[in-house]
Amino acid sequence: MKATGFISLWTLVSLPCSQLANPAEHEDVVKHAIKLHRGKGAVVTQRKQWVLESCRKLSGLLRQKNVVLNKLKNAIRAVEKDAGLSDEEKLFQVHTFEIFQKELNESENSVFQAIHGLQRALQGDYKDVVNMKESSRQRLEALREAAIKEEMEYVELLAAEKHQVEALKNIQHQNKSLSMLDEILEDVRKAADRLEEEIEEHAFDDNKSVRGVNFEAVLRLEEDEANSKTNASKREVEDDLGLSMLIDSQNNQYILTKPRDSTIPRADHHFIKDIVTIGMLSLPCGWLCTTIGLPTMFGYIICGVLLGPSGLNSIKSIVQVETLGEFGVFFTLFLVGLEFSPERLRKVWKISLQGPCYMTVLMIAFGLLWGHLLQIRPTQSVFISTCLSLSSTPLVSRFLAGSVRGDKEGDIDYSSVLLGMLVMQDVQLGLFIAVMPTLIQAGVSTYSSIFKEILRILILIGQILFSLAAVFLMCLVIKTYLIGPYYRKLHAESKGNKEILILGITAFIFLMLTITELLDVSMELGCFLAGALISSQGHMITEEIMSCIEPIRDFLAIIFFASIGLHVFPTFVIYELTVLLFLTLSVVIMKFVLAVFVLSLILPKTSQYIKWIVSAGLAQVSEFSFVLGSRARRAGIISREVYLLILSVTTLSLLLAPALWRAAIMKCVPRPERRSST
């Protein structure tokens, strides 16, 4: 018999388990079990007794299993020969018997797999953690495979049950005459079944064998309710709709993105509650900041802090909230471009191009110097310096909202210089995201391949520059031939109906960001260029579009700044307040001094006075450092501690930005011209 080869191993199960009750003798039990497996340390009569008893039990189970399998085979043959059964009924019964056969065979295999696992464990060193880890991994893989097989069997049973129901309905329809309404409903039912089969995607079956796909155990979390009956009925509904939350072993939480049955409309109630809560709490927070003289954006950040993981932890759909907030950045940059006409861009393009490049190079140089003194890896120093060199475009655009001025006597407007430099930093952001993975690989490469890595970096930079040239060439074509007729058509179709105008402008924004994203340039640059192209059509058109888009921008900006607050951790800031204040002040002062130095070299003598205002606008750290920091942490470039320091320094620098901006405005701008949203 097949089981006799494993009887000596099967006898090991009971003896060690009976002795493991005393923890003090754990090591002796393990040694005794190993000796027993090797045929030592056991009394002959005792060993014979366990062998005979275990042999009888296992042999009896296997004989019973073989008897049941023979009965199942006979039953399948009988069903196939039964002429009184319909094809659907035969399919159901045969399918059920085959599933039961699989279950019996899998149960037998599980027994011998367990014995093999016990044999492998006893042959290894019980003090070797690596060996135990490998055994645990193999057991986990076996459990995952078993779970997948069981899931497939369950799905097959559901399908067989469905076939049985279909067979019963067919029999009932044959035995009675159907009314016209019943016939119509039956045709509709069949059409609905065909529709479900056509639109259903077998994503699980199609992807389970794809390379790189891993099977994991997840928890399905149901929401607790005060009323148990309400909770029970709600769970039944959610079981059908698939709206429960899933949690994997790494504590990542998942929600439904695409249901199996696409004919039923669904809504993510967690996401709806999150947006409603943010909208309600943003009002008092923004109101409070307005009362004490701070920009409303800080009230929205405070709202995110209160609702986020460091506060009430009531936001469940964090990723979805952040995704919606990204549209706030898109529309903010579109309005920035709408106010930034190509004529003004033409006047400051040299300063906008040279300033950010010089500042980034100087920041990286200082970062490498300090990294060498503090024994930080060059790759990490370059990454941190580049993150800190970026400034916040949405924040500065809020500072400049409603304060656009015309040039006087040939002087350069500080808002044009500041926005131009910020747009160039957005371009640098896209360039940095594209080049940074190669820089990381170059940092860990051997000297023999360093030249190949440098060549790859140069090729990547060349591709980005080519993409930028293609984008600006496309913008020139759109400005010359397309944007004018397009807007006139929109304006003609939207008379008395702003819906068409808003939809047309939004579609143009999305088209531009899609093109720039396809060309491996940042989507933010596409939004800015969309606004700049439309602003070239004249002041009246700009005002009309701005009145339509501003309410949308304001609401989405609230979501964006609240999503930033979700990643602010006040407890960490309080614990390390002294260190963080020192680091923040050092970064702000360094950026301000470097900006003043660079602008002193590139600004005309008649416009030197604006260097203080522009430097104040560039002295904070961009909120995109959150994005870069999270990517770097996932890639293992920076540690958790460095990531938290970057988040905290960025937050504190944004909080200090309004005070620095006001001081610069008070000093450099004459009183009649002081118009700022701060």
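If you count by mature numbering (1 follows the signal peptide of the UniProt record, and there is no 0), then the sequence shown holds residues -20 to -1, 1 to 658, one letter each, in order. A virtual CB, placed ideally from N, CA and C, is assigned to each residue, including glycine.
Residue pairing for I227: DSSP places it in a beta bridge opposite L199 and Q233.
Of G484, I79 and M404, the smallest CA-CA separation from I514 is found for G484.
Distance from the CA of A639 to the CA of K296, rounded to the nearest whole angstrom, comes to 34 Å.
Beta-carbon to beta-carbon, V629 and L560 are separated by about 7 Å, close enough to satisfy the 8 Å threshold. In this structure, F77 is the residue among L565, N50, F77 and L42 with its C-alpha nearest to the C-alpha of V59. Exposed is the label assigned to L354, since fewer than 16 other Cβ atoms lie within 10 Å of its Cβ. For a cut-off of 8 Å, the C-beta gap from L546 to I331 is around 36 Å, too long to register as a contact.
The three-state reading of DSSP puts A247 in coil, since its state is none of H, G, I, E or B.
E603 counts as buried, since no fewer than 16 other beta carbons sit within 10 angstroms of its beta carbon. For Y623, the enclosing alpha helix (DSSP H) covers residues R620 to C648.
Cβ contact annotation for G288 (same chain, cutoff 7 Å, sequence separation greater than five): I295, G545 and L546, in chain order.
Comparing alpha-carbon positions, the option among I482, F577, K647 and T496 lying closest to C455 turns out to be T496. Across the structure, I521 and F490 are spaced so that their CA atoms are roughly 19 Å apart. Three or more beta-carbon pairs drawn from the stretch 574 to 581 and the stretch 594 to 601 are found closer than 8 Å, and the two stretches are therefore classed as touching. For L453, the number of other beta carbons within 10 angstroms of its own is below 16, and it is reported as exposed. Nearest neighbour of W592 by Cα position, chosen from D393, T257 and D167, turns out to be D393. For I344, same chain residues with a beta-carbon under 7 Å away, outside a window of 5 residues either side, are V362, S365 and T366 in chain order.
Distance from the CA atom of S34 to the CA atom of V48, rounded to whole angstroms, is 21 Å.
Within the stretch 517 to 603, complete alpha helix (DSSP H) segments of at least 4 residues are found at 519 to 545, 550 to 555, 557 to 582 and 591 to 598, given in chain order.
By the beta-carbon neighbour count (other beta carbons within 10 angstroms, threshold 16), G64 is exposed. Membership of Q360 in the alpha helix (DSSP H) is indicated by the continuous run P358 to S369. Here M526 is not near C507, since their CB atoms are 8 Å or more apart. The residues G97, in chain order, have a CB closer than 8 Å to that of R119 in the same chain once the five nearest residues on each side in sequence are set aside. The Cβ atoms of S372 and A542 do not sit closer than 8 Å to each other. Excluding residues up to 5 positions away in sequence, L624 and S628 lie with their Cβ nearer than 7 Å to the Cβ of F552 in the same chain. K469: member of the alpha helix (DSSP H) spanning I463 to E473, first to last residue. Cβ-Cβ distances below 8 Å link I482 to C528, I529 and I532 in the same chain, with the five nearest sequence neighbours on each side left out; the list follows chain order. CA-to-CA, the gap between L402 and A637 works out to about 15 Å.
The DSSP assignment places no complete run of the beta strand (DSSP E) inside the stretch 289 to 344 (cut-off: 3 residues).
Of the candidates T303, S290, K45 and P374, K45 places its Cα closest to the Cα of V91. Contact between L509 and T564 is ruled out by a C-beta separation of about 33 Å, above the 8 Å threshold. 8 Å or more divides the Cβ of H250 from the Cβ of I227. The C-beta of S566 has fewer than 16 other C-beta atoms within 10 Å across all chains shown, which makes the residue exposed.
Here the alpha carbon of P550 sits roughly 60 Å from the alpha carbon of H75.
Around the Cβ of E621, a 10 Å sphere holds fewer than 16 other Cβ atoms; the residue is exposed.
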